[in-house]
Amino acid sequence: MNAARRPAMASFGFAGFVPLIACFVMVIFMMLPLGTGAANIAMPNLALISVFYWLSSRPILMPYGACAVLGFLLDLWLDVPMGLNMILLLLTRLFVLNQLKHYKGRSRLVHWVIFAVLSLGLYLLSWLLISLVYGTMLPPEPLALQWVITVFSYAPVGFVLGRLRRAAM
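So the sequence shown is numbered by this note's numbering: it starts at 249 and just counts up by one.
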């Protein structure tokens with residue numbers, strides 16, 4: 249008789265749930281009304297940053313289901329078409345799993361450049377999908393501003409997540 253297989257996250261104990269908890273905290277932090285009205289428009293996509301970070305460092309601890317649930321929660325809280333963030337986070341996971349062998353062990357600058365290129369593609373895809381859903385071409389400037397802020401937020405957020413990873417694992 250085969251013993252039931254435990255999920256990878258559970259086999260690591262509490263440390264196995266740290267990436268999911270950290271990503272969920274980042275999603276909640278994204279929803280907080282911080283700063284002025286101008287700052288709320290240009291909030292970095294902390295969920296994308298944390299999912300990319302954890303997938304790059306411990307991909308087994310961030311399964312497809314976790315990415316889908318985080319994306320679904322973002323879709324519920326943000327004013328975007330349902331499924332958009334879920335698709336973006338699942339595409340992030342798919343990209344990282346396919347390309348991780350090429351950049352694992354490289355410098356943080358390489359990770360940052362790969363994140364910048366990946367997030368640019370994801371932001372362009374989201375802009376196209378939102379424009380298709382609403383039936384009109386939306387101005388690209390707000391998304392371009394959010395992309396720039398997200399890319400430049402990767403280093404400090406990655407630093408914090410790295411400290412958390414070292415402390416918990």
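We put the beta carbon where it would ideally sit given N, CA and C, even for glycine.
Taking all protein chains in view, the Cβ of F300 is crowded by 16 or more other Cβ atoms within 10 Å, so the residue is classified as buried. Per DSSP, the unbroken alpha helix (DSSP H) holding N333 starts and ends at L332 to Y351.
The Cβ-Cβ distance between D323 and G313 does not fall below 8 Å.
For A416, same chain residues with a beta-carbon under 7 Å away, outside a window of 5 residues either side, are A263 and V266 in chain order. Contact check for V275 and L318: beta-carbon distance about 6 Å, within the 8 Å limit, so the pair qualifies. The criterion of a C-beta distance shorter than 8 Å is not satisfied by W375 and L393. I308 and C315 have their C-alpha atoms some 12 Å from each other.
The C-beta distance from R341 to M291 rounds to 22 Å, too long to fall under 8 Å, and the pair is not in contact.
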